[in-house]
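Novice: One structure, pasted below without further comment.
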Amino acid sequence: MLVRILGSAAGGGFPQWNCACPNCRALRAGNFRGKARTQAQVSISPDGHSWFLLGASPDLRAQIEATPDLHPRHTDEKDSRQNAARHSPIAGVVLLNADLDHTLGLLSLRELQPLRINATESVRRILVEDNSMFAMLQRVPGQLSWTDFVPGTTFPLLDPSGEYSGLRCRGLSLGGRYPAYVPPSRQSEIRIGEASLGRIVESNTGKRLAYLPAVPQIDDVLLKELGSSDVVLFDGTFWSDDELTRIQGSGQTAYQMGHFPVSSEDGSLKQLAGLAGPRKIYIHINNTNPMLNEAGPEYAQVREAGWEIAEDGWRFEI
Ligand SMILES: [Zn+2]
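Residue numbers for the sequence shown follow this note's numbering, beginning at 318 and rising by one.
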């Protein structure tokens, strides 16, 4: 399985348009030791030819352009059945939640390219039934088709024509928070366990990728899942629980936003210290997180603990 990290920041990206935190200020001033990042986006492929997107970030158009693997291939062969100028290696999308950071990019995929979107029934209904703009994705037969899946069950990733790609997926139910835009009437109809998922992707050779950009708690079930993975892409949103409230003077804590902080007595660095098997990578890093600063002690602490900090453009094979 091939993995490409197209974007590694949390919602808002780094720097964030309306943020003057120490990180964003230093980056704009050109004296930050660390890299700018677009909003979290991962793509996976069984063979390097067809690719599946895990989520669809608001930065998706630019992320595709920055990634030659995802560019359309031109063919000179004249085929009356197909438009030779239109093609995409992107075969489908797997959604983890209905957050705007994770779904707005779907609207950038509206140019009539056949794609399959896998989502829970709850997330599909929020997007398609409550948000009329998503009708642009279903203007003609054979455009974007939606496939529902149930958390906890394994399902195959299929290309738009229904052919099995060689990758299987399973959703881990990780939290009951739906985005604030979902009205109470809809919230009362949908299932709480479908709100926010982690993702386990498995290849035909049994290699496993765990993708968990939003983790509200760590328990034994989750530890077991992580322990049996080859690569873990884990929630690196906030360094500390009070990071945002300290910088903004108000707002929510990391835990209240459904993100386990990296540091502190019960943070993920400590909780996952015994996780020796998989390659461990923090992703979905908020622009305020001090571990983005490669000259700082937080960066050194994370690296010494055996963790990596994801960067846009990374490509690796599992
Ligand atoms: Zn900032």
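No residue lacks a Cβ here, since even glycine has one placed at the ideal position from N, Cα and C.
Note that this is a predicted model, so its numbers are computed, not measured.
Using a Cβ-based criterion (distance less than 7 Å to any ligand heavy atom), does Gln333 qualify as near ligand 1?
Specialist: Flag set: Cβ of Gln333 near ligand 1.
Novice: Quick check on DSSP: helix, strand or coil for Asn435?
Specialist: Residue state, collapsed to three classes: strand.
Novice: DSSP has Leu444 in a bridge; who is on the other side?
Specialist: Partner(s): none; Leu444 has no beta bridge.
Novice: Enumerated in chain order, which unbroken segments of the alpha helix (DSSP H) with a length of 4 residues or greater are wholly contained in the region 471–553?
Specialist: Qualifying alpha helix (DSSP H) stretches, in chain order: 501–504, 537–544.
Novice: Suppose you measure from the CA of Cys341 to the CA of Ala326; what does that come to, to the nearest Å?
Specialist: Taking the straight line joining both Cα atoms gives about 12 Å.
Novice: If we count Cβ pairs, one from each stretch, closer than 8 Å, do we get three or more for the region 613–628 versus the region 584–597?
Specialist: The region 613–628, when compared against the region 584–597, does touch it at the 8 Å Cβ threshold.
Novice: Is Thr605 a contact residue of ligand 1, with contact defined as CB to any heavy atom under 7 Å?
Specialist: Yes - ligand 1 has a heavy atom lying nearer than 7 Å to the Cβ of Thr605.
Novice: Compare the Cα-Cα distances from Arg403 to each of Ala531, His391, Leu592, Phe577 and report the closest residue.
Specialist: That would be His391, whose Cα lies nearest to the Cα of Arg403.
Novice: Tell me the rounded alpha-carbon separation between Asp416 and Gly329.
Specialist: Going from the Cα of Asp416 to the Cα of Gly329 covers about 12 Å.
Novice: Reducing DSSP to helix, strand and coil, say where Gly422 ends up.
Specialist: Here Gly422 sits in helix by DSSP.
Novice: Are the CB atoms of Ile407 and Leu432 nearer to each other than 8 Å?
Specialist: A contact, by the Cβ cut-off of 8 Å.
Novice: Given 7 Å as the limit, tell me if Asn610 has its C-beta closer than that to any heavy atom belonging to ligand 1.
Specialist: Result no, Cβ not under 7 Å from ligand 1.
Novice: Do the CB positions of Leu489 and Glu542 come within less than 8 Å of each other?
Specialist: Contact: yes.
Novice: Is the beta carbon of Ser439 closer than 8 Å to that of Glu511?
Specialist: Contact: yes.
Novice: So within the region 558–590, which uninterrupted alpha helix (DSSP H) runs reach at least 4 residues, ignoring any that extend past its ends?
Specialist: 560–565, 585–588, all fully within the region 558–590.
Novice: Taking contact to mean at least 3 C-beta pairs separated by less than 8 Å, is the region 512–532 in contact with the region 545–552?
Specialist: These segments touch.
Novice: In three-state terms, what does DSSP make of Ile381?
Specialist: Looking at Ile381 - three-state DSSP - the assignment turns out to be helix.
Novice: In angstroms, rounded to a whole number, what distance separates the CA positions of Gly584 and Ala401?
Specialist: Straight-line Cα distance between these residues: approximately 52 Å.
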